[in-house]
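Read through the structure below, which is laid out as structure tokens, and then see the notes.
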Amino acid sequence: MDTSTSQRLYEEALKYIPGGVNSPVRAMKSVGMPHPLFIARARDAHIWDADGNEYVDFVSSWGPMILGWGHPQVLGRLHEVLEDGTSFGAPTALEVELARLICAAVPSIELVRMVNSGTEATMSAVRAARGFTGRDKIVKFVGCYHGHADAFLAAAGSGVLTLSLPDSPGVTRATTADTLLLEYNDGEGLEELFAERGEEIAAVIVEPVAGNMGVVPPRPGFLETARALCTAYGAVLIFDEVITGFRVAWGGAQERFGVVPDLTTLGKIIGGGLPVGAFGGRRELMETVAPLGPTYQAGTLSGNPLAMAAGAATLSVLSEPGTYERLEALADRVAAALRDAATPGERPFTLNQVGAMMTLFFCDGPVESFADARRADTAAFAAFYRHMLKHGVYLAPSQFESTMVSLALTADDLAKAADAAASFFAR
Ligand code: KE4
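Quick note, our numbering runs 371 ahead of the 1-based positions in the sequence shown.
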């Protein structure tokens with residue numbers, strides 16, 4: 372497979388950009404690639420790299436492209452808005468439209484503030500929780516990734532996990548001293564922590580389905596325990612639904628699992644591929660956010676017309692009846708194909724799936740925590756990754772990420788992926 376143009380672009384990029392990429396996981400270091408692939412274009416569920424190699428995509432740009440690329444309603448809306456102006460730094464009707472769609476889809480969100488990334492959303496939600504409670508401590512779970520704000524880089528998953536930098540340089544001890552860590556799914560540990568320090572805890576922030584150590588579903592009772600403890604001790608429960616929002620259900624993981632947080636963070640899908648994030652929740656909490664309340668939060672491009680238009684168009688397509696049934700059925704076929712391909716082989720594997728997000732771990736199960744996930748044979752995953760790439764299937768370049776299913780996948784796409792996976796495990 373000729374990737375010489377990607378290689379040339381990479382060498383050029385290294386002159387100007389740290390590591391030649393604008394986000395670490397894209398470097399493809401953890402899957403043993405000599406250089407990252409530079410992507411030229413995409414349409415439906417297919418992407419083409421700079422050398423013209425075509426792939427069936429299972430990354431969806433880490434989640435946003437749940438409709439695939441080039442959806443007529445999204446593109447059409449963007450072209451309209453483009454002509455009127457790309458940014459005003461002033462309120463627009465488009466922001467009201469997207470806010471109304473989000474509040475209608477996620478009843479726990481009574482007020483919502485748009486920002487420009489998932490990181491901004493989570494850091495702002497934590498600030499709102501600390502401002503509302505007057506407390507300093509936050510609880511996060513090892514292997515969960517909530518973006519790269521200092522407070523979260525105490526043991527992040529995703530890119531930092533792949534680079535095995537559990538505690539990034541540049542993050543001060545003072546900052547992470549206010550971040551208390553537990554293993555994901557450790558409900559008992561959370562009970563003990565609250566019993567010991569509950570009065571100090573401003574918030575518990577959790578991915579209701581972990582997606583950044585690979586997909587790890589919540590054990591029955593884990594989210595319910597977090598909800599009950601936050602209620603009992605007056606702490607704020609924050610669901611980081613940057614991945615799960617509008618992916619695992621129209622109303623997100625809180626709808627799928629029936630546990631209602633106080634604040635929710637969103638991103639990815641709600642921007643339809645444009646830079647976006649949002650945080651929102653209980654009115655009394657969100658009314659503390661400036662200019663209504665004293666907790667400061669701001670952003671030049673927050674609510675920018677392009678992201679609002681693409682997000683609103685994406686959500687209106689997703690709101691059509693039968694969409695999530697179709698997405699779930701597609702995702703189940705992807706999971707079955709991966710499971711069938713891996714079953715006859717000698718290699719241990721575990722497939723974790725929650726709807727349209729899943730991970731094939733190269734280790735025995737169960738994988739219910741970060742410690743479990745780290746048992747995975749990352750060299751075997753890397754070999755699988757490169758094999759799939761060679762067979763025209765583009766997966767997330769890390770064992771500790773999620774395969775993201777899009778509605779644009781066709782039967783032929785699924786067959787191609789199934790054959791490619793089967794040929795790997797049959798080797
Ligand atoms: P961004 O700041 O990257 O928009 O969002 C941060 C974030 C927050 N919360 C969750 C649950 C997330 O998954 C993310 C970002 N996700 C990663 C992929 N797992 C983004 C990919 C990357 O870092 O390049």
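We treat Cβ as the ideally placed atom computed from N, Cα and C, and that holds for glycine.
Here the structure is a predicted model, which means the values were calculated and not measured.
Check                                                                                                                                                  : Outcome
Who are the Cβ neighbours of Pro-435 in its own chain at under 7 angstroms, not counting the five residues just before and after it?                   : Lys-639, Ile-640, Gly-642, Gly-643, Gly-644
Is it buried or exposed for Val-452, if we count other Cβ within 10 angstroms and need 16 for buried?                                                  : buried
What I want to know is whether the C-beta of Val-513 ends up closer than 7 angstroms to one or more non-hydrogen atoms of the ligand KE4.              : no
Hey, would you say the C-beta of Gly-489 is under 7 angstroms away from at least one heavy atom of the ligand ZN?                                      : What this structure holds is the ligand KE4, not the ligand ZN.
Rounded to a whole number of angstroms, what is the C-alpha to C-alpha distance between Leu-561 and Pro-676?                                           : 41 angstroms
Quick one: measure Cβ to Cβ for Gly-682 and Val-647, integer angstroms, because I've assumed they're closer than 8 angstroms.                          : 6 angstroms
For the alpha helix (DSSP H) that His-450 lies in, which residues bound it at each end?                                                                : 443-455
Hey, which unbroken runs of the beta strand (DSSP E) at 3 residues or more fall wholly within the segment 652-707?                                     : none
Could you tell me the boundaries of the beta strand (DSSP E) in which Val-513 lies?                                                                    : 508-513
Return the bridge partner residues of Asp-420 from the DSSP annotation.                                                                                : Ile-410
How about Ser-495 and Val-631: are their beta carbons less than 8 angstroms apart?                                                                     : no
Apply the 10 Å Cβ neighbour rule to Gly-528 and answer buried if 16 or more other Cβ atoms are within range, or exposed otherwise.                     : With a pLDDT of only 43 at Gly-528, under 50, the local geometry of the prediction cannot be trusted, and no value is derived from it.
Between the beta-carbon of Asp-420 and the beta-carbon of Phe-429, is there less than 8 angstroms?                                                     : no
What separation, rounded to the nearest whole angstrom, lies between the Cα atoms of Leu-534 and Leu-524?                                              : Any reading at Leu-534 needs caution, since the residue's pLDDT is 36, under 50, leaving its predicted position unreliable; the model's value is listed next. Roughly 13 angstroms separates the two Cα atoms.
For Thr-504, which three-state DSSP category applies?                                                                                                  : helix
Please report the distance separating the alpha-carbon of Val-531 from that of Ile-614.                                                                : Confidence at Val-531 is low in this model, with a pLDDT of 41, below 50, so the placement of that residue should be treated as unreliable; the coordinate-derived value is given next. If I take the Cα positions, the gap works out to 17 angstroms.
Between the Cα of Ala-597 and the Cα atoms of Ala-620, Leu-778, Arg-618, Leu-553, which residue gives the shortest distance?                           : Leu-553
Buried or exposed: where does Gly-460 fall if 16 or more other Cβ atoms within 10 Å of its Cβ makes it buried?                                         : exposed
So, helix, strand or coil for Leu-524, using DSSP?                                                                                                     : coil
Pick helix, strand or coil for Ile-388, following the three-state DSSP scheme.                                                                         : coil
On the DSSP letters alone, give me the boundaries of the beta strand (DSSP E) that Leu-608 sits inside.                                                : 607-611
Would you call the segment 759-766 and the segment 788-796 in contact, with 3 or more CB pairs under 8 angstroms?                                      : yes
Would you decide whether Pro-589 is buried or exposed? Buried here means 16 or more other CB atoms lie within 10 Å of its CB.                          : buried
Would the beta-carbon of Val-613 be found less than 7 angstroms away from any heavy atom of the ligand KE4?                                            : yes
Would you call the segment 707-717 and the segment 485-504 touching, i.e. three or more CB-CB distances under 8 angstroms?                             : no
Does the beta-carbon of Pro-389 have 16 or more other beta-carbons within 10 angstroms, so that it is buried, or is it exposed?                        : exposed
The alpha helix (DSSP H) spanning Gln-817 covers which residue range?                                                                                  : Residue numbering for the chain in the displayed model covers 372 to 798; residue 817 lies beyond these limits and cannot be assessed.
In terms of DSSP beta bridges, what is Leu-731 paired with?                                                                                            : Leu-722
Look up Phe-755 in the DSSP assignment and say whether it is helix, strand or coil.                                                                    : helix
I'd like the span of the beta strand (DSSP E) that includes Arg-484, first residue to last.                                                            : 482-486
Looking at Glu-563: is its Cβ nearer than 8 angstroms to the Cβ of Arg-506?                                                                            : no
Buried or exposed, going by whether 16 or more other CB atoms sit within 10 Å of the CB of Gly-439?                                                    : buried
Just to confirm before moving on: does the CB-CB distance between Val-705 and Met-729 stay below 8 angstroms?                                          : yes
Going by the beta-carbon positions, is the gap between Phe-771 and Ala-751 smaller than 8 angstroms?                                                   : no
By Cβ distance below 8 angstroms, which residues in the same chain neighbour Ser-377 in space, the five residues on each side in sequence not counted? : His-406, Pro-407, Leu-408, Phe-409, Asp-420, Ala-421, Asp-422
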